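A.B. asks: Numbering (my numbering), first residue to last: 110 to 382. Glycine is no exception: its CB is placed at the ideal position from the N, C-alpha and C atoms. Note that the structure is predicted; figures quoted are calculated from it, not measured. Below: one structure in structure tokens.
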């Protein structure tokens, strides 16, 4: 078999993955395999530990953990058209809007997106370590199977410099991108890789309150160019293809990387990517 054979480079055959997130499109649309649903709450250490015990009773290792749970409240619409600062902004109106975010909403976003992802990663470290320990000895001159990996779902919101009107979400995603970098360094001596993905607007159930029948917006010309330069949102195929690359032999050299997929959205808003 050629070393460049796509069926070898992008194969995830036999891998075991844990993917958080209720009804995850990533899990449902991924390569064919066995899917075992496990109920849990990522904001509860007790619930995460129970999920770990359930999963560890069924498998001795996992090759990949995808921390994919997250929320967009209190304002899920900001990703679709974040307003840029203008000279005629009324400071009192801005203050009123920012002040209207409740402490409960602010805490909920940070607790779910940041704390939940953090404890999810920490919970499953033993199973990731077990995956590395079962790998065969290295063969000289041959690219080895990829080491165990954590993939954290962040967002392009991490780099958007417009804080109005949903600062909690932006802050949470910026924290996740830094968490990827910090944990990749922390776990490097133990050969556990940590990477992230930063999607832009994707045609999933999460945006149904904005677009209604959201499946039609993946075709070119369905979104104004001033919002997304490619004039379409991402589709499930885009996301699964990216994760397939990261999980396979082809992406085995990634560690501490954030993979962005936004159709160019950050090119048309103030950002610092």
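If we count Cβ pairs, one from each stretch, closer than 8 Å, do we get three or more for the stretch 330-338 versus the stretch 279-291?
C.D. replies: No, they do not touch.
A.B. asks: Pick from 179, 380, 268 and 367: whose alpha carbon is nearest that of residue 229?
C.D. replies: Comparing Cα positions, the closest option is 179.
A.B. asks: Contact between the stretch 368-379 and the stretch 337-352: three or more CB pairs below 8 Å?
C.D. replies: Yes, the stretch 368-379 touches the stretch 337-352.
A.B. asks: At what residues does the alpha helix (DSSP H) containing residue 257 begin and finish?
C.D. replies: Element bounds for residue 257: n/a, residue is neither H nor E.
A.B. asks: Any contact of the stretch 263-270 with the stretch 197-207, i.e. 3+ C-beta pairs under 8 Å?
C.D. replies: No, they do not touch.
A.B. asks: Could you name each continuous alpha helix (DSSP H) segment of 4 residues or more that falls completely within the stretch 191-268, going from the start of the chain to the end?
C.D. replies: The stretch 191-268 contains these whole alpha helix (DSSP H) runs: 200-208, 212-219, 225-232 and 234-242.
A.B. asks: Taking DSSP as the reference, what is the three-state secondary structure of residue 301?
C.D. replies: Coil.
A.B. asks: Less than 8 Å between the C-beta atoms of residue 176 and residue 226, yes or no?
C.D. replies: Yes.
A.B. asks: Taking C-alpha atoms, which residue in 200, 152 and 234 lies nearest to residue 127?
C.D. replies: When only C-alpha atoms are compared, the closest one is 234.
A.B. asks: Quick check on residue 166: buried or exposed, where buried means 16 or more other Cβ atoms within 10 Å of its Cβ?
C.D. replies: Looking at its Cβ environment, which holds fewer than 16 other Cβ atoms inside 10 Å, residue 166 is exposed.
A.B. asks: Using the Cα positions of residue 240 and residue 170, report the straight-line distance between them to the nearest angstrom.
C.D. replies: Using only the alpha carbons, I get a separation of about 5 Å.
A.B. asks: Tell me whether residue 297 is buried or exposed, calling it buried when 16 or more other Cβ atoms sit within 10 Å of its Cβ.
C.D. replies: It is exposed - the Cβ of residue 297 has fewer than 16 other Cβ atoms within 10 Å.
A.B. asks: Give the DSSP-derived three-state secondary structure of residue 292 in the structure shown.
C.D. replies: In the structure shown, residue 292 sits in a helix (DSSP, three-state: H, G or I).
A.B. asks: Name the one or two DSSP bridge partners that residue 309 has.
C.D. replies: Answer by DSSP bridge pairing: none, since residue 309 is not bridged.
A.B. asks: Ignoring anything shorter than 3 residues or poking outside the stretch 325-378, list the beta strand (DSSP E) runs there in chain order.
C.D. replies: If we require 3 residues or more, the beta strand (DSSP E) runs fully inside the stretch 325-378 come out as 367-370.
A.B. asks: Roughly how many whole angstroms lie between the Cα atoms of residue 123 and residue 356?
C.D. replies: Going from the Cα of residue 123 to the Cα of residue 356 covers about 12 Å.
A.B. asks: Look at the Cβ atom of residue 260, then the Cβ atom of residue 304, and state whether they are nearer than 8 Å.
C.D. replies: Yes, Cβ-Cβ distance for residue 260 and residue 304 is below 8 Å.
A.B. asks: Based on Cα-Cα distance, which residue from 112, 129 and 242 lies nearest to residue 262?
C.D. replies: Out of 112, 129 and 242, 129 has the C-alpha closest to the C-alpha of residue 262.
A.B. asks: Exposed or buried, what is residue 187 when buried is set at 16 or more other beta-carbons lying within 10 Å of its beta-carbon?
C.D. replies: No answer about residue 187 holds up, because its pLDDT of 46 lies below 50 and its placement is not dependable.
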